[in-house]
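Peer 1: Dropping the structure in here first, questions after.
Structure follows, in structure tokens:
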């Protein structure tokens with residue numbers, strides 16, 4: 014039990030020698046990563062490099078086959094209780110929003126607090142409205158996701174995760190499916206969230222966002238962490254050839 | 418700078434009305450009936466055909482029909498339909514061999530059932546108390562039909578027949594089969610091999626045999642396996658066969674809906690910490706069932722009509738009670754009217770189900786504002 018109580022020095026997320034295969038395909042190769050409380054990590058890399066898979070392992074949407082993943086003191090194993098504990102503490106935002114289309118925006122936000130946390134419905138609604146205000150769409154609360162723009166939907170998705178009051182937020186390419194003019198409204202919300210001291214792991218290619226909020230930027234390729242550094246150093250003095258090539262490709266436009 | 422002011426001063430394009438179309442009766446006629454020489458020809462042919470068909474039908478159905486007569490001879494002379502037969506026999510058709518002076522009980526039963534169905538159709542009443550109301554209504558229904566309490570004379574259920582029997586076989590059949598079918602559909606997609614194999618086995622086995630054979634097995638073979646002396650009620654046996662049969666079909670309709678749900682919905686639910694059953698109940702099934710409404714209603718309608726097969730195990734459903742009613746040698750020649758009469762009853766119920774499902778589909782369509 015003492016293991017699950019967080020203390021100041023303990024890392025929020027710890028990956029130790031993590032391996033994962035999809036069939037014969039080796040997606041994650043010996044990943045070591047430690048994320049401290051309040052740290053903001055941006056993960057980039059070419060498609061198929063395993064970056065999404067890595068953060069999806071952190072809330073067990075994918076199962077790792079070797080190594081250890083410890084989230085806020087709880088190790089992810091086949092123990093369903095641990096998985097539930099971790100999922101309650103870890104929020105996730107997806108590329109395609111994955112809002113529940115049959116529920117209103119407000120219901121999307123209150124569902125998990127009521128059913129998972131056992132929060133009274135009234136309290137859950139009050140909390141939900143606070144977070145919807147924070148992502149600046151309280152006026153859409155009674156609408157259905159299908160009636161909102163992509164940017165609005167993604168902001169609802171962020172609010173929905175925050176309603177569970179997680180300690181860690183995972184972002185899996187949150188702006189990749191958005192029209193260009195909607196990207197900044199989502200990034201603004203994420204920057205705002207970063208300023209509150211939330212521990213964040215973001216898979217994204219928004220390098221401006223990385224420069225602004227990240228403590229560390231990670232470059233992954235072919236299932237490995239190739240390079241990990243502070244944004245300044247990462248962008249101006251990349252160490253590896255693969256990082257240089259990747260950066261020249263995404264920054265050249 | 419100069420460029421941007423130019424941009425700002427540019428006037429937006431004027432809003433124009435859509436091109437005018439010819440309206441009014443003539444415009445409609447032209448557009449829909451006489452838009453080309455071929456369409457005009459079709460219109461003329463169709464009108465001629467209708468002119469040939471409608472008057473004789475109208476004559477038979479209405480003009481020359483005999484509406485009330487206690488004597489079949491009056492019908493024999495007329496060239497139209499003999500609705501007098503229905504007038505004479507409708508209680509036998511609707512209630513079968515249920516004791517004549519007690520037939521107010523099945524009638525009341527039908528009305529109570531219809532009332533609770535009507536209430537259930539309104540989405541705003543989908544609250545927990547509705548389930549209690551249903552249980553209450555079913556209790557009332559069986560008390561009315563069986564009697565033996567509250568001073569109502571006992572009526573054994575081999576005397577039940579007609580519309581009440583058809584309705585109750587359908588209503589209970591669907592009400593029980595629906596939850597079973599959800600479990601079967603989930604079981605078929607389960608990651609646990611034993612559950613999956615059982616579900617697949619059940620669905621394929623039941624779907625692979627005709628309802629008639631299930632009814633036969635339930636009513637003639639089942640007693641062979643029971644200890645001597647023990648017996649299961651005949652109506653109950655048929656009811657179980659109907660439930661088993663429709664559960665297999667419904668399960669496949671619901672599985673179709675389940676397969677249309679994108680994986681992201683499961684992932685989002687899991688990421689929020691919802692358990693398997695919470696995910697199914699709150700996220701997946703509401704969407705899957707909405708998608709499956711057309712095929713579910715298709716099965717409901719099919720099942721309602723298929724209940725007439727219980728006649729084969731000598732239960733007097735609506736169809737059989739009509740046939741027994743026209744077995745009367747005096748009225749036997751007017752069987753067509755009998756079939757038309759019950760066809761209309763079947764049609765009304767099925768049409769209602771179909772219309773209601775369309776209404777539900779628009780209700781659940783959240784992509785449009787309401």
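Residue numbers (my numbering), protein chains in the order written: chain A, 14 to 266; chain L, 418 to 787.
We put the beta carbon where it would ideally sit given N, CA and C, even for glycine.
Considering residue 764/L, what are the terminal residues of the alpha helix (DSSP H) in which it resides?
Peer 2: Here residue 764/L corresponds to residue number 347 of the second chain, with the count starting at 1. Here the alpha helix (DSSP H) through residue 764/L covers 752-781.
Peer 1: Among all the DSSP beta bridges, which residues are the ones paired with residue 200/A?
Peer 2: Stepping through the first chain from its first residue, residue 200/A is reached at position 187. According to DSSP, residue 200/A bridges with nothing at all.
Peer 1: Residues of the region 697-708 of chain L in Cβ contact with chain A at a cutoff of 8 Å, in chain order, please.
Peer 2: Cβ contacts with chain A come from 699, 700, 703, 704 and 707.
Peer 1: Helix, strand or coil for residue 80/A, going by three-state DSSP, please let me know.
Peer 2: Within the first chain, the letter at position 67 stands for residue 80/A. Three-state result, residue 80/A: strand.
Peer 1: List the residues of chain A whose Cβ lies closer than 8 Å to the Cβ of residue 504/L, in chain order.
Peer 2: Residue mapping note: residue 504/L aligns to position 87 of the second chain, counting from 1. The premise fails here: residue 504/L is roughly 50 Å from chain A at the closest Cβ pair, so nothing lies under 8 Å.
Peer 1: For residue 691/L versus residue 661/L, is the C-beta distance shorter than 9 Å?
Peer 2: Here the question's residue 691/L lines up with position 274 in the second chain. Here the question's residue 661/L lines up with position 244 in the second chain. No, the pair does not count as a contact, with Cβ atoms beyond the cut-off.
Peer 1: Determine which residues of the region 234-250 of chain A have a Cβ less than 8 Å from any Cβ of chain L, and write them out in chain order.
Peer 2: Taking 8 Å as the Cβ-Cβ cut-off against chain L, none of the residues of the region 234-250 of chain A qualify.
Peer 1: In angstroms with no decimal places, state the Cα-to-Cα distance between residue 33/A and residue 76/A.
Peer 2: Reading the first chain from its first residue, position 20 is the one you call residue 33/A. Reading the first chain from its first residue, position 63 is the one you call residue 76/A. Looking at the two C-alpha atoms, the distance is approximately 8 Å.
Peer 1: When DSSP labels each residue in this structure, what does residue 215/A get in the three-state scheme?
Peer 2: For the purposes of this step, residue 215/A is taken as residue 202 along the first chain, with counting starting at 1. Looking at residue 215/A - three-state DSSP - the assignment turns out to be strand.
Peer 1: Residue 543/L: buried (16+ other C-beta within 10 angstroms of its C-beta) or exposed?
Peer 2: Here the question's residue 543/L lines up with position 126 in the second chain. With fewer than 16 Cβ atoms within 10 Å of its Cβ, residue 543/L is classed as exposed.
Peer 1: Quick check: is the beta carbon of residue 97/A nearer than 9 Å to any beta carbon in chain L?
Peer 2: As a working mapping, residue 97/A is identified with position 84 in the first chain. So yes, residue 97/A belongs to the interface.
Peer 1: Identify the residues that DSSP records as bridge partners of residue 230/A: which are they?
Peer 2: As a first step, residue 230/A must be located in the first chain, where it is residue number 217. Per DSSP, 55/A and 242/A.
Peer 1: Quick one: grab the DSSP three-state call for residue 43/A.
Peer 2: Taking the first residue of the first chain as 1, we reach residue 43/A at position 30. It is a strand residue.
Peer 1: Between the region 153-168 of chain A and chain B, which residues of the former have CB atoms less than 9 Å from a CB of the latter, in chain order?
Peer 2: This model lacks chain B altogether; the protein chains it does include are A and L.
Peer 1: If you count every other CB in all the chains shown that lies within 10 Å of the CB of residue 221/A, and 16 or more means buried, which is it?
Peer 2: Working through the first chain from its first residue, we reach residue 221/A at position 208. So residue 221/A ends up on the exposed side.
Peer 1: On the premise that residue 216/A lies in contact with residue 186/A, defined as a C-beta separation below 8 Å, what is that separation, rounded to the nearest angstrom?
Peer 2: Translated into the one-based positions of the first chain, residue 186/A becomes position 173. Translated into the one-based positions of the first chain, residue 216/A becomes position 203. Between residue 216/A and residue 186/A the Cβ distance is about 5 Å, and since that is below 8 Å, they are a contact.
Peer 1: What in chain L is Cβ-close to residue 232/A, meaning under 9 Å?
Peer 2: Here the question's residue 232/A lines up with position 219 in the first chain. In chain order: nothing, as chain L lies at least about 25 Å away.
Peer 1: Rounding to the nearest angstrom, what Cα-Cα distance links residue 449/L and residue 711/L in this structure?
Peer 2: Your numbering for residue 449/L matches position 32 in the second chain. Your numbering for residue 711/L matches position 294 in the second chain. About 30 Å.
Peer 1: Is residue 433/L close to chain A? Criterion is C-beta to C-beta, closer than 9 Å.
Peer 2: As a working mapping, residue 433/L is identified with position 16 in the second chain. False, the Cβ-Cβ gap to chain A never drops below 9 Å.
Peer 1: Hey, residue 663/L and residue 512/L: beta-carbon distance below 9 Å or not?
Peer 2: Here residue 663/L refers to the residue found at position 246 when the second chain is read from its first residue. Here residue 512/L refers to the residue found at position 95 when the second chain is read from its first residue. Not closer than 9 Å, so no.
Peer 1: Quick one: which chain L residues come within Cβ less than 8 Å of residue 53/A?
Peer 2: Start at 1 with the first residue of the first chain, and residue 53/A comes out as number 40. Those within 8 Å of residue 53/A in chain L number zero; the least Cβ separation is about 19 Å.
Peer 1: Return the CA-CA distance between residue 18/A and residue 25/A, expressed in angstroms with no decimal places.
Peer 2: Numbered from 1 along the first chain, position 5 holds the residue referred to as residue 18/A. Numbered from 1 along the first chain, position 12 holds the residue referred to as residue 25/A. The predicted position of residue 18/A is uncertain, since its pLDDT is 46 and thus under 50; no value can be drawn from it.
Peer 1: Which one or two residues does DSSP pair with residue 48/A in a beta bridge?
Peer 2: The residue you call residue 48/A lines up with position 35 of the first chain. Looking at the DSSP assignment, residue 48/A forms a beta bridge with 26/A.
Peer 1: Check whether the Cβ atoms of residue 89/A and residue 173/A lie closer than 9 Å to each other.
Peer 2: As a first step, residue 89/A is located in the first chain; it is residue number 76 there, counting from the start. As a first step, residue 173/A is located in the first chain; it is residue number 160 there, counting from the start. Not in contact: residue 89/A and residue 173/A (Cβ atoms no closer than 9 Å).
Peer 1: Of all the residues that make up the region 531-556 of chain L, which are near chain A by a beta-carbon distance shorter than 8 Å?
Peer 2: Residues: none.
Peer 1: Would you list, in chain order, the members of the region 104-124 of chain A that have their beta-carbon closer than 7 Å to a beta-carbon of chain L?
Peer 2: Listed by position, the residues of the region 104-124 of chain A near chain L (Cβ gap below 7 Å) are 105, 107, 109, 111, 113, 114, 115 and 124.
Peer 1: Give the residues of chain A in contact with residue 695/L, contact being defined as C-beta atoms less than 7 Å apart.
Peer 2: Numbered from its first residue, the second chain carries residue 695/L at position 278. Simply 128.
Peer 1: Please classify residue 545/L as buried or exposed, where buried requires at least 16 neighbouring CB atoms within 10 angstroms.
Peer 2: Numbered from its first residue, the second chain carries residue 545/L at position 128. Residue 545/L comes out exposed.
Peer 1: Quick one: Cα of residue 133/A to Cα of residue 777/L, how far?
Peer 2: If you number the first chain from 1, residue 133/A lands on position 120. If you number the second chain from 1, residue 777/L lands on position 360. Cα to Cα, residue 133/A sits roughly 30 Å from residue 777/L.
Peer 1: Using C-beta distances below 6 Å, list every residue in its chain close to residue 224/A, excluding the 5 sequence neighbours before and after it, in chain order.
Peer 2: As a position in the first chain, residue 224/A is number 211, starting the count at 1. 244.
Peer 1: On the premise that residue 721/L lies in contact with residue 587/L, defined as a C-beta separation below 8 Å, what is that separation, rounded to the nearest angstrom?
Peer 2: Within the second chain, the letter at position 170 stands for residue 587/L. Within the second chain, the letter at position 304 stands for residue 721/L. Indeed they touch by this definition, with Cβ atoms about 5 Å apart.
Peer 1: Shorter than 9 Å from the beta carbon of residue 74/A to some beta carbon of chain L?
Peer 2: Taking the first chain and counting its residues from 1, the one referred to as residue 74/A is at position 61. It does: the Cβ of residue 74/A has a partner Cβ on chain L nearer than 9 Å.
Peer 1: In the DSSP assignment, find the unbroken beta strand (DSSP E) run with residue 181/A in it and report its ends.
Peer 2: Position 168 of the first chain, counted from the start, is the residue given in the question as residue 181/A. Unbroken beta strand (DSSP E) run through residue 181/A: 181-185.
Peer 1: Cβ closer than 8 Å: which chain L residues qualify as neighbours of residue 177/A?
Peer 2: Along the first chain, one-based indexing puts residue 177/A at 164. Within chain L, the residues near residue 177/A are 689 and 690.
Peer 1: Taking a contact to mean a Cβ-Cβ separation below 9 Å, would you say residue 62/A touches residue 241/A in this structure?
Peer 2: In the first chain, counting from the first residue as 1, residue 62/A sits at position 49. In the first chain, counting from the first residue as 1, residue 241/A sits at position 228. It is not a contact, given that the beta carbons lie outside the stated cut-off.
Peer 1: With 16 as the cutoff for other CB atoms within 10 Å, does residue 128/A come out buried or exposed?
Peer 2: As a first step, residue 128/A is located in the first chain; it is residue number 115 there, counting from the start. With 16 or more Cβ atoms within 10 Å of its Cβ, residue 128/A is classed as buried.
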